[in-house]
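**Q** Numbering (my numbering), first residue to last: 1200 to 1415.
We put the CB at the ideal spot given by N, CA and C, even for glycine.
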Amino acid sequence: MMMLLFGPPGVGKGTQAELLSQKFHFIKFSMGDILRDEVARATPLGREAETYMKKGTLVPDTLIFRIVEAYVKEHQSESILFDGFPRTVQQAVTLEKTLQIHKKNIDLAIEMAIDDEIIVRRLVNRRYCPSCRAIYNLLSTPPRQPGICDHCSSPLAQRADDNEGTIRQRLNTYLAETQPLTEYYRTRNKYCRVDADGTQDHVFEEITHCLNAHRK
Ligand code: AP5
C-alpha cells in the first residue's frame, strides 16, 4: 500500500507517521528529515536546499524529484508512507508517474487539519533528537530529563525553522502551494481528512479509522 500524510507545518505528520509505520509496517519517507540530513552533511544538495528551508519556502522540484525517484526505485516492493511529499499538485503528478513506472499508485491521502495558532504554539515548543529523530514537545510530551532524549540520551535540539517568523511563512506557503492537494485527491476518491486537534492517541485512532474504511 502507498499512503501519504499532508497538512500544515506542525500539525503532527511526523509524529503520526512514526506511529503508523510501527503499527502497519510502512516504511516512512520523510522529505523534511532527508533534506535536514543533507543539510547536516553539507552536501551540494543540502547547501542549496538550506537557503529555502531557512526562509520557509519550498525547495525546488529538481532537487526534490531526484530524491523521490531514487527512493521509490530502491523501495518499490514495500509499503511506503510519504510524509511531507507531495507538497504541490505538480509534485503529486510526478509522484504518480514515478510510481506507475513500478506499477504502483497512491492508495490514500490523509489531510491533517488544525488551527494556525495551535500550530505556532506546538512548533515553538518542539524539540527533536538529532541522533534517533524522536520528537518532543515541551508542553505536551516533554523529555523525562530536560534537554536529553529519553531513547538514546543525546542532547535535544531545536529546528532552525521553528521560530515564529519562519513558522508563519511556512503556513503561508502551505496555504498557497499545498492546500490544492485536497481537491486533487478528493476528485480521485483517495482522500480522507482528520481533525488533528486532539491527543496523539486520538489523532492516531482517527487516521486508523480512515485507513480501515479505505481498505474495505
Ligand atoms: P518538513 O520537515 O516536512 O516540515 P513541515 O511540513 O513544516 O512539518 P513539520 O515537520 O514542522 O511538522 P509535523 O507536521 O511533522 O509535526 P510534528 O509531528 O513534528 O519540511 C521542512 C522544510 O523542508 C519545508 O519548509 C521546505 O522548505 C522543505 N521541504 C520539505 N518537503 C518538501 C517538498 N516536498 N517540496 C519542497 N520543499 C520541501 O509535531 C509538531 C509538534 O507538535 C511536536 O513538538 C509534537 O510533539 C507536537 N504534537 C504532535 N502531535 C500532537 C498532538 N496531537 N497534541 C499535541 N502536540 C502534538
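Which value, in whole angstroms, describes the spacing of the CA atoms of G1231 and E1249?
**A** Spanning the two alpha carbons is a distance of roughly 11 Å.
**Q** Going along the chain, which residues of its own chain have a beta-carbon closer than 6 Å to the beta-carbon of P1285, five neighbours each way excluded?
**A** So the qualifying residues of the chain are A1291, L1294.
**Q** Given this structure, state the Cα-to-Cα distance separating V1323 from E1310, to the nearest angstrom.
**A** Between V1323 and E1310, the C-alpha separation is close to 22 Å.
**Q** What did DSSP end up calling H1411 once you bin it into helix, strand or coil?
**A** In the sequence on display, residue 1411 carries Asn and not His. N1411 falls in the helix class under three-state DSSP.
**Q** Am I right that L1280 and L1219 are in contact with their C-beta atoms under 8 Å? What's the rounded C-beta distance?
**A** Contact flag correct, Cβ pair sits at about 6 Å.
**Q** How is M1200 classed by DSSP in three states: helix, strand or coil?
**A** M1200: coil per DSSP, three-state reduction.
**Q** With 16 other CB atoms within 10 Å as the buried threshold, where does S1229 fall?
**A** Burial call: buried.
**Q** Quick one: is C1328 buried, meaning 16 or more other Cβ sit within 10 Å of its Cβ, or exposed?
**A** Buried.
**Q** In the DSSP assignment, what are the bridge partners of Y1373?
**A** In the DSSP output, where bridge partners are listed per residue, Y1373 has none listed.
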